[in-house]
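In the UniProt record's numbering, the protein residues as written are 1 to 101.
To start, the structure under review is shown below, and the notes come after it.
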Amino acid sequence: MSKRDMWIGIAVGAGAVLAAPLVLPVAGAIARPLVRETIKLGFVVAELARERGAVALEALEDLIAEAREDARIAIEAREEPRGRGARRGGDGARQRGAEPS
Numbered sequence: 001m002s003k004r005d006m007w008i009g010i011a012v013g014a015g016a017v018l019a020a021p022l023v024l025p026v027a028g029a030i031a032r033p034l035v036r037e038t039i040k041l042g043f044v045v046a047e048l049a050r051e052r053g054a055v056a057l058e059a060l061e062d063l064i065a066e067a068r069e070d071a072r073i074a075i076e077a078r079e080e081p082r083g084r085g086a087r088r089g090g091d092g093a094r095q096r097g098a099e100p101s
């Protein structure tokens with residue numbers, strides 16, 4: 001870094017320090033509404049996301065309940081013939097221990 005660059009840096013820094021009291025109130029007056037609108041937009045987006053998430057969760061819960069019911073029906077259908085004494089794959093003529101004819 002040359003001496004010239006150093007003096008330019010010092011001058012820019014001093015100018016910024018001197019201009020700060022004039023610039024910051026103006027910048028603050030401009031920035032505050034922008035920051036406020038940005039925060040408000042964040043709240044709106046968060047609320048929309050919460051609502052859509054709730055709808056998606058409800059749809060998922062419905063889907064899970066339907067699948068659970070379908071599985072219960074399928075399990076009961078597989079167990080039903082054995083529960084009533086009927087045998088699979090036959091007409092009921094075959095008995096335990098009997099030889100096939």
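In this text, a Cβ means the ideal position worked out from N, Cα and C, and glycines have one as well.
In angstroms with no decimal places, state the Cα-to-Cα distance between I8 and S2.
Here residue 8 refers to the residue found at position 8 of the sequence shown. Here residue 2 refers to the residue found at position 2 of the sequence shown. For I8 and S2, the distance between alpha carbons rounds to 10 Å.
Do you know how far the Cα of R68 is from the Cα of S101?
Position 101 of the sequence shown, counting from 1, holds the residue named residue 101. Position 68 of the sequence shown, counting from 1, holds the residue named residue 68. Its pLDDT being 49, under 50, S101 is placed unreliably by the model, and the measurement read from it follows with that caveat. Computed Cα separation, rounded: 43 Å.
Pull up the distance between the alpha-carbon of G53 and that of E37, whole angstroms please.
Taking the sequence shown and counting its residues from 1, the one referred to as residue 53 is at position 53. Taking the sequence shown and counting its residues from 1, the one referred to as residue 37 is at position 37. Using only the alpha carbons, I get a separation of about 24 Å.
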